[in-house]
Amino acid sequence: MKIGVYVCECGSNIAATVDVEDIVERAKEFPNVEVSRVYKYMCADPGQEIIKKDIEEKGLDRIVIAACSPRMHEPTFRAVLEDKGLNPYVLEIVNIREQVSWVHENKEEGTEKAASLLKGAVLRIALMEPLERKKVGVTHKALVIGGGIAGIQASLDLADMGFKTTLVEKTSSIGGKMAQMDKTFPTLDCSQCILSPKMVDVGRHPNIELLSLSEVVEVDGYVGNFKVKIKKNPRYVLEEKCTLCDDCVPVCPVIVHDEYNQGFAPRKAIYIAYPQAIPASYVIDPDACLGIDPLICSKCKDVCGPEAIDFDMQPEIIEEEYGAIIIATGYETYPIENIGEYGYGTIPDVISGLDFERIISSGGPTGGKILRPSDATVPKTVVFIHCAGSRDPSKHLPYCSKVCCMYSTKHALQYKHVVHDGTAINFYIDIRTAGKDYEEFYQRAAEEDHVIYIRGKVSEVFQDGDKILIKSVDTLTGETVELHADLVVLATGMVPSEGTKEMASLLNVSVGINGFIREAHPKLKPVDTAIGGVFVAGTVTGPKDIPETVSNASGAASRAAGILSQDELEIEGTVAKVEESLCRGCGMCVEACPYSAIELKAVNKYGHTVQVAFVNEALCKGCGSCAAACLNGAINQLGYTDGQILELISALGEQ
Amino acid sequence: MVQYSYFPGCNLKTNAKGFEETAIAVSKKLEAELVEMPKWNCCGTVHTMTSDNMMRRIAPVRVLSRSKKHIDTLEEGTTKEVVTLCSMCNSTLKIVNHEVKQNHEDLEKINYQLEEDEECYEEDMEVKHFLEIIRDNIGYEKLSQSVVKPLEGLKISPYYGCMLLHPDEAAIDDVEMPSVLEYLVESLGAEVIDSPLFKFCCGSYHIVDEEQIVDTQVGKIVEAARLRGANALVVACPLCAFNIDHQQKIMKDKNHGKEPLPVFYFTQLMALALGVPLKTNHFEDHHIDPKPLLKELGLTGKKKS
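Protein chains in written order, with the numbering used here: chain A, 1 to 655; chain B, 1001 to 1305.
Here it is, written out as structure tokens:
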């Protein structure tokens, strides 16, 4: 065995606190060390060349590099080894920068620590065995869960790149929350007008299979090879036959609240979510319809010319394989029923921001007239309460939902554009306009359109005759404020949707304390999750506005394409390995594994059926939790075996 | 019959005698007797916001410890609850009880100081407001069954004030939409008038130095109730009662107040409905005499035939 030791100065980053010459000299005395050198920047090309030359000339078969964190340059040096025909795992990187020179001031102590770490590495690498990177095949097909703007964008991007994509949407139409909005800030583009072309594209894209009224119910497998079960609920109307003639609606006797219009308008039991809905087909609401079970009424079926209605449709389970999954299950708005100080949602003229979107929408229940819900009169004073249920850790949501300042400003502006003599008052804590052209939009509302901004949180809201009394404080003047409003709009924040919670548990991705899915890294891996092959797009990871959601979705699509475009995926060699003869099938490793990579399997041992732990190497991240948990020492973490770690410890203990 | 260890506090013995006497009288009728604990001291009033001032916590902890001993002497004392009538006592005792249960070291320090009183608190008490006992232990059903003279014609606006609902550790009901007084008033056969100012500050201790503030607050509270058709208010706090009652009288005397609304303690309403002798109400202590209203509604005379 011939070990090469290379110590990096990293300019003065390491050399200032560690006597590099000294440890290079000491390393020459360590067992099996053939050559020991120092260089200013090992990661630079000449540094790599030194290693390559030594491997060639001296026949080295183990390499130890004392430099920065392996997070930085492990891939660089592994490539060097592979280039010269060595196994990439016979490389050990000792972190003498982040863990030594940057955290110590005393050079003597730093040098001692670096030397013992280096010795440990030399002893450990001697026990290292070449590891094999296994390969798995890839199904070149993507699954996108959730048909809001994030899911739509991700699906379109993947489909345009040539990947077959399935888009699963729970409701009868894609479009999500964006479809309910009237206009978008800061440009005041009509939301539906910019969204519907994308929806149409999804509907007719040859690479996209759109499953509406569907839910993902089971996910198995691993990166590149997910096995997914999707439940498709019946629409009771044949999409391909429905001509959207609307003959069925007038005859339907059942009237219920229309969810799309936030309950402010009626709809029938047979309906289309909204005119631009995709799939473009009517749908029957089975909870309201009198024709499903038992069959009491069939008026719509009787008048349907193309015979598109089928009361006997049943749910079906679709089983499919996918290489990558994107979760885009979005958000809900924080329910105003939770906000006691503003009436627990019992005051008819206290509404949510999403309610107001429908009221100002030209396609909404009032045809674009601004009328308040209680008596359908035009409100002359409208109060917009920012942070309704947000930034309030003791009672509500601790976080800022990012979009509410802007959407309240947009609402106030839109109101002033319709009701010229009306008064729009925004109560705010801080105005947060961090986005392109957002501050200008806010300035315009305040200065050109005379929207009033009062800095203070509203303490109480209650019905006072046919008006609403607002009690607050102006924190800039220190005076209490009491005023009467005709309509109050609560800028409620975003909370994870029901679907987000379900998918998180189904796919085993972790969620943060606020229930949003946790990214693999909040800055550098914002669309990855800890589970390989599972990506996130849009508001599933936290509040986002539309531009951020769209770019996030494109990011997720491109990350997913990185997997889908491969024929085979290499799996890290440092995985857990079970020594079957020692395993007693207690299952503690199954519990310990954060990635659900271990399961117990029945095997035949000496004529007896016994349970033995089995590691799915494609799922294993090599964290070592199972090896630490195993009481029998039956699991070895390849690359970090007990023997190797003991050598390390003994070197450190020599001092 | 169940017996509860009852902690009175200072007000109940001075300007809220009607509150105490009616409470004890109705508690017997409801077979949940309030028995005054011996050797009680000040509840500690106005709970300290500091976390390290143990001196301010000695009085309430002594009350808890003595109440526990008291329960052991009660023949029917089957619970570990100390019951209060005053909202302030309830709040202070509850918060301190909650704090010492969380911080064992603090309790040790306090218990050390209590050694000379031969007291030691063992975290085994619960502080309850009588309203909680009515709601959770007695039940509105039993209450309404005990009514002998339904309070027909009384239109009562419940006023909670601050201490029954704040802070979380001391709250006896939902802070934004409480219902305990509403259910109680309904059980007695009176009509509930909801007022949005049910917890609007009564002006509290400003009565001592800034009477004008209390005037403004009380004016709004009473006006909101009157506008909605109330002919009386019900309260659970002696300070609220004093401020609303007394200040209405002052304002009327200054000739800028409207016809005042009488203020009842909730136990006084119970006493009227449960047929407790009228004198226990001590209406002579009220600044706004409720008797003319009661007489007008036929609620003061003998039982309705």
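Virtual Cβ for every residue (Gly too), placed ideally from N, Cα, C.
Closer than 7 angstroms to chain B by CB, residue i
i              : result
S341 (chain A) : For clarity, residue 341 (chain A) is Glu in the given sequence; the question names Ser instead. Chain B, which has a Cβ nearer than 7 angstroms to the Cβ of E341 (chain A), makes this yes.
D462 (chain A) : A quick correction: the sequence has Phe, not Asp, at residue 462 (chain A). Chain B contact via Cβ: present.
Beta carbon proximity, residue i to chain A, threshold 7 angstroms
i               : result
E1176 (chain B) : yes
P1167 (chain B) : no
Residue i and residue j closer than 7 angstroms at C-beta
i               : j               : result
A1225 (chain B) : L1164 (chain B) : no
I370 (chain A)  : V418 (chain A)  : yes
E209 (chain A)  : T166 (chain A)  : yes
E572 (chain A)  : G622 (chain A)  : yes
I645 (chain A)  : C626 (chain A)  : no
E1021 (chain B) : T1280 (chain B) : yes
S212 (chain A)  : P286 (chain A)  : no
Q1248 (chain B) : P1260 (chain B) : yes
A328 (chain A)  : G47 (chain A)   : no
G343 (chain A)  : V461 (chain A)  : yes
Y222 (chain A)  : A618 (chain A)  : yes
Y1121 (chain B) : L1064 (chain B) : yes
G1044 (chain B) : T1014 (chain B) : no
V1082 (chain B) : S1067 (chain B) : yes
Same chain only: Cβ atoms within 6 angstroms of residue i, ignoring 5 sequence neighbours per side
i               : result
E321 (chain A)  : T139 and K227
S1027 (chain B) : E1033 and L1034
S1144 (chain B) : S1187
T381 (chain A)  : T423, A485 and D486
Residue i, DSSP secondary structure in three states
i               : result
G4 (chain A)    : strand
T1045 (chain B) : coil
L1012 (chain B) : helix
F535 (chain A)  : strand
S116 (chain A)  : helix
P186 (chain A)  : coil
G1018 (chain B) : helix
R455 (chain A)  : strand
K1068 (chain B) : helix
C387 (chain A)  : strand
E239 (chain A)  : coil
V1175 (chain B) : coil
M199 (chain A)  : helix
G221 (chain A)  : strand
Q637 (chain A)  : strand
E29 (chain A)   : coil
K268 (chain A)  : strand
F163 (chain A)  : coil
T492 (chain A)  : strand
Q1003 (chain B) : strand
E989 (chain B)  : Examination of residue 989 (chain B) is not possible in this model, given that chain B is present from 1001 through 1305 alone.
T477 (chain A)  : coil
P70 (chain A)   : helix
N207 (chain A)  : coil
N1053 (chain B) : coil
F516 (chain A)  : coil
Other residues of its chain near residue i: CB distance less than 8 angstroms, five sequence neighbours each side excluded
i               : result
F1198 (chain B) : S1157, P1158, Y1159, Y1160 and P1178
K1304 (chain B) : Only weak support is given to the placement of K1304 (chain B): the predicted model assigns it a pLDDT of 44, under 50, and the question is left unresolved by the model.
H521 (chain A)  : D528
E519 (chain A)  : K525, P526, V527, D528, T529, V536 and T541
Cutoff 7 angstroms; reference residue i; Cβ partners in own chain excluding five residues on either side
i              : result
G465 (chain A) : none
A445 (chain A) : T409, A412, L413 and V451
Partner residues on chain D for residue i, Cβ-Cβ distance less than 7 angstroms
i              : result
Y344 (chain A) : Of the protein chains in this structure, namely A and B, none is chain D.
With 8 angstroms as the limit, tell me which residues of the region 1186-1202 of chain B have their beta carbon closer than that to any beta carbon of chain A; keep them in chain order. P1196
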